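In what follows, a structure is listed as structure tokens, so that the remarks can point back to it.
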Amino acid sequence: MVGQKGVSYVLDRLIDGLVALACLIVVFDAILITVETLIRFFFGLASSELFEITEFTMLWMTFLGAGWVMKRNMHVRVDILTNRLKGTSRASLLAASYLFASAILLLMTYYTFKLTFEDLRAGITVAGVLRPKKWYIEAIVPIGFFLLFLKSLGSTWEVFRNFRRLA
Amino acid sequence: MIPWPYAILILFGLLVFFMALSTPVAFAFMLTCFIGSILFWGGPDMLAVSIYSSVTSFVFLPIPLFILMGCILFESGVGALIVDTLDRLMGRIPARLSVVTIIAGALLGAMIGISGSSIAILGKTLFPEMLKRGYKNPVTLGPVVITGTLAIMIPPSALAVFLGAMGKVSIGKLLIAIIVPGVLVAILSIGYVLLRVNLNPSLAPSYQVRPIPLKEKLSLICRYLLPSGIVIFAAIGSIFFGIASPSEASALGAVACFVVAALYRKFSLGMVKRASLATVEITSMVLMIVVGAISFSRILASSGAMTGLIEFAKSLPVSPMVIVVATQIIVVFMGCFMDPASIVMITVPVFIPLIQALGLDPLWYSVLLLLNIQLGLITPPFGLDCYTMKALSPPEITVEDVFRSSMPFCALGFLVMALMMIFPSIATWLPTLMRVK
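From first to last, the protein sequence lines stand for chains A and B.
What the first sequence shows, in the numbering used here, is residues 1 to 167, in sequence order.
What the second sequence shows, in the numbering used here, is residues 1001 to 1437, in sequence order.
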């Protein structure tokens, strides 16, 4: 139990750190694009590099914040059926929902990790001006999915542990 | 090869099944895509590639930045300051506070890209004042709730960016096209309030307003309303005059909000932290849905379902307008159960290509769709804007009260939709004046 709490604590702190990074990215994007727009407007100098960077940050922002959204239980659900059910049926439905979510998150962790690893081995670069290694950009996807999987697994465990109370 | 009707049945059936189980919408899309990728792509490896490429795009940048604008105005208290100024500027008119609420909603709508922020600002400022003055529910709850629709129908609008990005409709033109319908909703809402109060003056008891000298009025306008003009020009004017693309305009708007907050001495690191965190929460939640939804639309396209459906619709012996109305009825139905982002993700990849194939203007249709989807937020049983309003109301006001008061305003929204169907130029006229960027 102590081990489980320890893992949960470390996971939550990691998620907090990643969301802080996502917050910095939002403000950074706003300032970066504003500066680029003003320079282009007043001096006629355009920068494709900045556009590419902001495109990459969109992916990073999404997956850096995904664990936080899961932690806050903010992912949008359609509760029409679960709200109408009671007792064992409701608890079973919730358990199935968490199991499905955990399963897909584990599968996506595997397949996105596989893609990232293959791109790392092949040394593929992103087409464009900056041409960074593709895996630098992709790496956040399996990391994000893995954190989501761990949080989802925790929630699944809670649902099964409290099944009787929920029912 | 699976015949297209079965492909549609399988893909949408799986999506509905997983959503009905209460699986988060983002993961319901991914589960469906996973099975769909095995059936139509020969394996999930392509799905991983699709996920990577889905949100790595400049067109999605206005979403977090338009949301950031709203969060800055809300967290810094600048939004409340603007509402207070408008309240002081308005003279003695019937249902004064209700009218001020709608006008303030329209003004905030020109600076805020999400519906919840407007409702929260007005629900915390003017709504308690209306209750204190003895205003009745029909002219208090409804006007605040409709400001959520105005926030989306007057640019900047995060939902319009979504819709444009998903439907491959010019985001700049869409943001400008929604202005006239949005303003029309505001005007009709004010008209409705004035009519109700005229018929039943007890709904909004009149009270003495301290007259403000012209000099003070001008001073208030210069000090509190003109700076908000900087934000409006940065976010909308820059697109209209071809100075910036929607992504650039969103960044200019966000930085302008920081500048305005600093001008009012409301800028602090704590405010930036709270605003950026709220932005990341909403953005990440929605873009996770986008990640699944884009792959879903790609699978739908490669399954042959879209081509089959379009050919089928074109062969129907009915006017294209009948199909437009049918698709809108589906959206009204979905609006009763689902959130706007999910509706956009599910319907846009199917409806926009269909409308284009029927020879109709996708820009006009997108405006129609956007208003319809937004009205879903004030229709029972799951109208999120009404629940936000309930959360800001005293305990004696029930959810039913909020829905009942919002219904006439919802009907006005549908009236604007009908007008747009009869007179498409309501939506298409303003974009023709733009300097295209």
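All C-beta atoms in this analysis are idealised placements derived from N, C-alpha and C, irrespective of residue type, glycine included.
It should be emphasised that the depicted structure is a prediction, and the values quoted were computed from it without experimental measurement.
- Taking a contact as a CB-CB distance under 8 Å, the pair S1053 (chain B) and F1409 (chain B) does not count as one, their CB atoms being some 40 Å apart.
- At a cut-off of 8 Å between beta-carbon atoms, T156 (chain A) makes no contact with chain B.
- No Cβ of chain A is located within less than 8 Å of the beta carbon of S1302 (chain B).
- Between the stretch 98 to 105 of chain A and the stretch 76 to 89 of chain A, the count of Cβ pairs shorter than 8 Å is below three; the stretches do not touch.
- Short of 7 Å from the beta carbon of L1220 (chain B), and not among the five residues preceding or following it, lie these beta carbons of its own chain, in chain order: T1085, R1088 and L1089.
- A residue is called buried when at least 16 other Cβ atoms come within 10 angstroms of its Cβ; M1321 (chain B) does not meet this threshold and is exposed.
- Comparing C-alpha distances from I15 (chain A) to each of A:T82, A:V69, A:A139 and A:L32 shows the shortest one belongs to A:V69.
- Between P1205 (chain B) and G1134 (chain B) the beta-carbon gap is near 5 Å, inside 8 Å, which marks them as a contact.
- Annotation: Cβ neighbours of W68 (chain A) in chain B (cutoff 9 Å, chain order): L1277, V1280, E1281 and S1284.
- Counting along the chain, C1071 (chain B) sits inside the alpha helix (DSSP H) bounded by residues P1062 to S1076.
- With respect to the 8 Å criterion, G1292 (chain B) and C1336 (chain B) are not classified as neighbours on the basis of their beta carbons.
- Residues are counted here when their Cβ sits less than 8 Å from a Cβ of chain B; for the stretch 115 to 147 of chain A these are L115, I137, E138 and V141, given in chain order.
- Around F1127 (chain B), the same chain offers V1144 as residues with beta carbons nearer than 6 Å, after the five sequence neighbours per side are excluded.
- In the DSSP secondary-structure assignment, T125 (chain A) is bridged to A:K133.
- Counting C-beta atoms within 10 angstroms of its own C-beta, Y1006 (chain B) has fewer than 16 neighbours from the protein chains shown and is therefore classed as exposed.
- When C-alpha distances from P1394 (chain B) are compared across B:I1243, B:A1249, B:N1137 and B:V1324, the shortest belongs to B:N1137.
- If you ignore the 5 residues before and after S1319 (chain B), its C-beta comes within less than 7 Å of no other C-beta in its own chain.
- A Cβ-Cβ contact shorter than 8 Å links L18 (chain A) with G67 (chain A).
- I143 (chain A) sits in a helix when the DSSP states are folded into three classes.
- Close to chain A, meaning a Cβ-Cβ distance shorter than 7 Å, are the following residues of the stretch 1235 to 1266 of chain B: I1243, A1244, S1247, E1248, A1251, L1252, A1254 and V1255.
- Residues of chain B with a Cβ closer than 7 Å to the Cβ of A30 (chain A) are, in chain order, L1065, L1068, A1251, A1254 and V1255.
- A straight-line Cα-Cα distance of about 12 Å links P1156 (chain B) and K1173 (chain B).
- For V1083 (chain B), the CB contacts under 7 Å within the same chain, skipping 5 residues up- and downstream, are A1104, I1121, L1122, T1125 and L1126 in chain order.
- A distance below 7 Å between beta-carbons, with the five flanking residues on each side excluded, links F149 (chain A) to the following residues of its chain, in chain order: S102, L105, L106 and T109.
- Fewer than three Cβ pairs drawn from the stretch 1014 to 1029 of chain B and the stretch 1300 to 1316 of chain B lie within less than 8 Å of each other, which leaves the two stretches out of contact.
- Identification of chain A residues near P1024 (chain B) by a Cβ-Cβ cut-off of 7 Å yields H75, V76, R77 and A101, ordered along the chain.
- Between L1068 (chain B) and V35 (chain A), the CB-CB gap reaches or exceeds 8 Å.
- Taking the Cβ atoms as the reference, A1028 (chain B) lies roughly 12 Å from L1011 (chain B), outside the contact range of under 8 Å.
- Residues of the stretch 1337 to 1363 of chain B whose Cβ lies closer than 8 Å to any Cβ of chain A, in chain order: F1337, M1338, D1339, A1341 and S1342.
- Rounded to whole angstroms, I1038 (chain B) and P1044 (chain B) show a C-alpha spacing of 6 Å.
- Close to chain A, meaning a Cβ-Cβ distance shorter than 8 Å, are the following residues of the stretch 1043 to 1063 of chain B: P1044, D1045, L1047, A1048, V1049, I1051, Y1052, V1055, T1056, S1057, F1058, F1060 and L1061.
- P142 (chain A) sits buried, since 16 or more C-beta atoms from the chains shown fall within 10 Å of its C-beta.
- If you check each beta-carbon in the stretch 1007 to 1023 of chain B against every beta-carbon of chain A, the ones closer than 7 Å belong to F1018, M1019, A1020, L1021, S1022 and T1023.
- Shown here for T57 (chain A): same chain residues with a beta carbon closer than 7 Å to its own, the five before and five after excluded, namely I25 and D29 in chain order.
- When DSSP assignments are scanned along the stretch 1398 to 1423 of chain B, the uninterrupted stretches of alpha helix (DSSP H) that are 4 or more residues long and fall wholly within it turn out to be 1399 to 1422.
- Each residue's CA atom was taken as its position, placing R1435 (chain B) and A1244 (chain B) some 10 Å apart.
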